[in-house]
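Everything in the sequence shown is counted per the working numbering, starting at 41 for the first residue and increasing by one.
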Amino acid sequence: MTDLNGLTFYIETFGCQMNENDSELIAGLLAAAGARKAERFEDGQVVVVNTCAVRGKSEEKLFSYLGRLRSWKKKHGLVIGLAGCVAQLYREKILAKNPDVDFIVGPDNYHRLPEILSHGLGLKPVMTSSARDWNEDERQPFMRESLVSAYVTIMEGCDNFCAYCIVPFTRGREKFRPLRAILDELAGLARDGYKEVRFLGQNVNSYKDPETGALFQDLLKASDDIKEFKWIRFITSHPKNFTGEIAKTMARSKKVCRQLHLPLQSGSTMVLERMKRGYTREDYLETIRLLRSVMPGISLSTDIIVGFPGETEREFEETMSALEAIRFANIFSFRYSPRPGTAAAKLNDDVPFDVKRRRLLEVQKRQKAIQTEIHEGFIGRTIKVLCLGKSKKDERVYSGRNEGYQVVNFMSERNVIGRFVHVQVKDCGPYSLRGEFCGED
Ligand code: SAH
Ligand code: SF4
Ligand code: F3S
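What follows is the structure, given as structure tokens:
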């Protein structure tokens with residue numbers, strides 16, 4: 041057992057839920073070796089930056105953060121390590137450009153962090169080998185941020201190679217976690233009093249148990265039987281792998297929330313084809329019709345990219361009309377940015393920056409209005425909310441999410457974190473609902 045007694049570390053996380061969950065793993069591994077987690081980088085002797093490479097902007101954020109660490113390091117000394125997707129992608133190359141970085145560790149190598157830190161950093165270790173299979177022993181223990189809602193990784197990597205996406209290059213090929221191990225982790229979380237679990241993976245719908253061949257819907261069915269959990273969610277789904285069987289299993293389940301994040305990317309079949317997404321606009325709309333027929337009121341969210349190479353005004357309008365037709369409860373929208381090594385990087389990035397910017401603003405403006413209308417429909421209704429935390433600004437304001445994953449804020453004199461509560465909605469904005477606490481469930 042490696043001994044890191046007395047060492048303090050801080051973790052800064054960029055990127056997606058996968059990275060958030062990995063940071064909980066990194067914290068758990070270092071804490072198990074005796075190190076102590078700090079809440080600010082100024083209090084850490086070691087800073088691990090868990091990086092994201094998905095867009096040019098994500099990388100820029102990292103490099104400006106590194107600038108801040110560098111000036112602190114100069115005055116006070118600091119060990120700086122890079123983890124996550126940028127680390128995996130650029131490996132040694134970052135060391136040449138950033139001499140202040142002391143080690144590099146990719147997503148398949150976090151279990152080696154205690155060893156890296158205890159063996160000295162003279163040679164600037166770079167550990168980015170990619171594992172082909174899932175290794176359960178390397179993936180514990182976790183130091184989770186929330187005591188209420190837990191991420192549970194069920195698969196890693198992606199085999200889809202969407203033309204714009206760097207993830208298959210940073211996270212490698214699809215690896216599935218054995219169902220047995222997932223169910224063991226769920227049993228532990230149930231014992232620890234977790235109320236909600238969120239299954240994680242780049243493409244959860246393609247899940248297949250390496251031991252028994254059980255599919256994603258079988259995992260949903262098995263977790264539905266664990267009585268301690270009240271809510272089950274999952275992210276991310278791919279429209280081409282989202283089968284009728286999964287929709288029906290969701291509809292029949294007692295605990296799977298009637299909420300789904302289903303990245304559309306573009307409303308134009310032509311653009312989807314150039315993106316190599318594997319479905320058409322009609323296929324997507326058909327899936328939405330099916331979902332709404334078996335689960336009326338299901339809350340849907342999506343990801344949108346504007347300005348993909350060659351996107352014409354007309355193709356962009358098809359994205360706008362899809363937003364109009366589907367009326368998502370929430371969207372994440374991005375300007376296309378070319379990523380090194382991807383298929384789209386070879387295409388001419390020909391949509392001018394100003395056009396991308398205008399399209400993004402248009403999408404966001406329209407969606408803001410749609411969301412406000414959806415939220416206004418909640419006013420006067422009493423809804424069930426899982427309280428997840430407290431507002432940082434006002435001690436008495438609590439915050440949670442309803443089944444549809446909308447943010448709900450309310451006042452309470454009593455601490456209700458981790459409780460299911462009823463809230464009567466009084467007011468709303470485009471991004472949240474506000475209401476009055478009516479009591480516990
Ligand atoms: N399947 C992954 C996708 C992560 S990336 C998941 O777990 O959610 C999240 C979103 O970033 C994608 O859905 C896409 O909308 C956007 N994105 C990915 N690559 C991009 C690029 N090169 N330019 C702009 N947006 C991109
Ligand atoms: Fe970023 Fe994608 Fe890596 Fe997540 S998987 S951290 S979104 S590059
Ligand atoms: Fe990326 Fe497409 Fe996979 S968006 S993560 S290549 S499904």
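Here a beta-carbon is modelled for each residue, glycine too, at the ideal position from N, C-alpha and C.
Check your understanding: Hey, would you say the C-beta of residue 246 is under 8 Å away from at least one heavy atom of ligand 1?
Key -> no
Exercise for review: Kindly list the residues whose CB is nearer than 8 Å to the CB of residue 469, restricted to its own chain and excluding five residues on each side of it in sequence; keep chain order.
Suggested key: Sequence-distant Cβ neighbours of residue 469 in its own chain, meaning closer than 8 Å and more than five residues away, are 412, 415.
Review point. Who are residue 476's beta bridge partners in DSSP?
Key: 451, 464
Review point. Closest by CA to residue 297, which one among 462, 164, 401, 340?
Key: Comparing alpha-carbon positions, the option among 462, 164, 401, 340 lying closest to residue 297 turns out to be 340.
Review point. Can you check whether the CB of residue 259 is closer than 9 Å to the CB of residue 239?
Key: Yes, Cβ-Cβ distance for residue 239 and residue 259 is below 9 Å.
Check your understanding: For the putative contact between residue 244 and residue 195, defined by C-beta atoms under 8 Å, what is the C-beta separation to the nearest angstrom?
Key -> 7 Å
Practice item. Kindly provide the ranges of any alpha helix (DSSP H) runs that are 4 or more residues long and lie completely inside the stretch 339-374, ordered along the chain. Key: Fully enclosed alpha helix (DSSP H) runs of 4 or longer: 353-366.
Check your understanding: If you draw a straight line from the alpha carbon of residue 465 to that of residue 272, how long is it in whole angstroms?
Key -> 23 Å
Exercise for review: Just the C-alpha distance for residue 418 and residue 477, rounded to the nearest angstrom, thanks.
Suggested key: 15 Å
Exercise for review: Using 10 angstroms around the beta-carbon of residue 54, count the other beta-carbons present and answer buried if the total reaches 16, otherwise exposed.
Suggested key: buried
Check your understanding: Residues in its own chain within less than 6 Å of residue 251 by CB, not counting five upstream and five downstream?
Key -> 218
Practice item. Could you say if the stretch 49-63 and the stretch 170-177 meet the contact criterion of at least three C-beta pairs nearer than 8 Å? Key: no
Check your understanding: With residue 336 and residue 389 assumed to form a contact (beta carbons below 8 Å), what rounded beta-carbon distance in angstroms separates them?
Key -> About 42 Å; that fails the 8 Å criterion.
Exercise for review: Figure out for me which residue from 410, 135, 206, 84 has the closest Cα to the Cα of residue 92.
Suggested key: Taking only the C-alpha atoms, the option nearest residue 92 is 206.
Exercise for review: Could you check what DSSP says for residue 153 in three-state terms: helix, strand or coil?
Suggested key: helix
Check your understanding: To the nearest angstrom, how far is it from the Cα of residue 312 to the Cα of residue 351?
Key -> 10 Å
**Study point:** residue 373 at chain D interface by Cβ criterion, 9 Å
**Key:** This model lacks chain D altogether; it includes just one protein chain.
Practice item. Grab the span of the alpha helix (DSSP H) containing residue 402 for me, first residue to last. Key: 393-416
Practice item. Could you tell me if the beta carbon of residue 57 falls within a distance shorter than 8 Å of some heavy atom in ligand 3? Key: no
Review point. Under a three-way DSSP split, which group does residue 423 fall into?
Key: strand
Practice item. Could you pull out every unbroken alpha helix (DSSP H) segment of at least 4 residues lying fully inside the stretch 296-336, listed in chain order? Key: 309-314, 321-334
Exercise for review: Grab the span of the beta strand (DSSP E) containing residue 376 for me, first residue to last.
Suggested key: Segment: none, residue 376 is in no beta strand (DSSP E) and carries neither H nor E.
Exercise for review: Grab the span of the alpha helix (DSSP H) containing residue 442 for me, first residue to last.
Suggested key: First-last for residue 442: 437-442, but that is the beta strand (DSSP E), not the alpha helix (DSSP H).
Exercise for review: Can you give me the Cβ contacts of residue 80 inside the same chain, cut-off strictly under 8 Å, excluding the 5 residues immediately before and after it?
Suggested key: 50
Practice item. In angstroms with no decimal places, state the Cα-to-Cα distance between residue 361 and residue 325. Key: Here the alpha carbon of residue 361 sits roughly 12 Å from the alpha carbon of residue 325.
Check your understanding: Is it the case that the CB of residue 242 approaches a heavy atom of ligand 2 more closely than 8 Å?
Key -> yes
Review point. Which residue from 203, 118, 241 puts its Cα closest to that of residue 382?
Key: Looking at the Cα atoms, 203 is the closest of the given residues.
Review point. Under the three-state reduction of DSSP, which class applies to residue 271: helix, strand or coil?
Key: strand
Practice item. For residue 76, name the three-state secondary structure that DSSP assigns. Key: strand
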